[in-house]
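Residue numbers (UniProt numbering): 1 to 227.
Put into structure tokens, the structure is as follows:
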């Protein structure tokens, strides 16, 4: 029996990730475009966005933590539960995922503030493109995606307390993380462009809305593929 090389396995992983994320990716990009059109041309949507921005401005990092924990962690996990996904210990998974995304919410909020401090808050093309490049090809590629990959590997293994680091090997970085990074670029770059087109206080709330939509869509499609 012929054994595949690491390069061949990586190629298969990338194509598999792209195939699995093709539908949610297209839907996410359409959804992001809908958000942009609604913000600029629909008065009722503008009032909703203004309320979200005011809430974010008032509560700051508390809003970032709670909203991202809810939209990125709790709701997708509960949706998977209703669709028949059975975790070995549902309570532990729910708490750990919620805490992880609460931390990520504060992290993303700080990153958005750093971007505004470095490059300004103008909504011109040059500023938006610069922020998207730094976001996707530095922050996401070298920190955000790898930390998410490590956390979900830990979750998939049942949150082991010991000997977890042995799974963070060369194959993990070259296959799982690299494949996730490639698919992340293709799926999220258009959505991130829309996020950076918005005022600073709206960027994190819109990130949460897009994250929720994507997480729920992936959960539903994953359920359909298992049926």
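Backbone N, C-alpha and C fix where the C-beta goes; we use that ideal spot for every residue, glycine too.
Out of curiosity, what's the CA-to-CA distance linking residue i and residue j?
i           : j           : result
residue 5   : residue 181 : 20 Å
residue 200 : residue 162 : 41 Å
residue 263 : residue 196 : The chain is shown from 1 up to 227; residue 263 falls before or after that span and cannot be answered.
residue 105 : residue 176 : 23 Å
residue 127 : residue 209 : 23 Å
residue 39  : residue 49  : 7 Å
residue 26  : residue 33  : 11 Å
residue 70  : residue 59  : 16 Å
residue 122 : residue 134 : 16 Å
residue 111 : residue 141 : 14 Å
residue 157 : residue 198 : 38 Å
residue 53  : residue 165 : 40 Å
residue 225 : residue 214 : Interpretation of residue 225 is limited by its pLDDT of 44, a score under 50 that renders its predicted location unreliable; the figure taken from the coordinates is listed afterwards. So the alpha carbons of these two residues sit roughly 16 Å apart.
residue 97  : residue 84  : 18 Å
residue 223 : residue 91  : Only weak support is given to the placement of residue 223: the predicted model assigns it a pLDDT of 49, under 50, and the value that follows is read from those uncertain coordinates. Going from the Cα of residue 223 to the Cα of residue 91 covers about 21 Å.
residue 187 : residue 29  : 7 Å
Grouping DSSP H, G and I as helix and E and B as strand, with all else coil, what is residue i?
i           : result
residue 25  : helix
residue 88  : coil
residue 109 : helix
residue 161 : coil
residue 190 : helix
Answer with buried or exposed for residue i, where buried requires no fewer than 16 other C-beta atoms within 10 angstroms of its C-beta.
i           : result
residue 101 : buried
residue 193 : buried
residue 68  : buried
residue 129 : exposed
residue 136 : buried
residue 245 : Past the edges of the chain, shown from 1 to 227, lies residue 245, and the structure says nothing about it.
residue 89  : exposed
residue 131 : buried
residue 93  : buried
residue 173 : exposed
Leaving out five residues before and five after residue i in sequence, what residues of the same chain have Cβ atoms less than 8 Å from its Cβ?
i           : result
residue 216 : 75, 76 and 79
Give me, in chain order, the residues of the same chain whose beta-carbon lies closer than 7 Å to that of residue i; leave out the 5 immediate sequence neighbours on both sides.
i          : result
residue 63 : 55 and 56
residue 45 : 38 and 39
Ordered along the chain, which non-local residues of its own chain (more than five positions away) have a Cβ less than 6 Å from that of residue i?
i           : result
residue 145 : 180, 181 and 184
residue 116 : 200
residue 203 : 112 and 195
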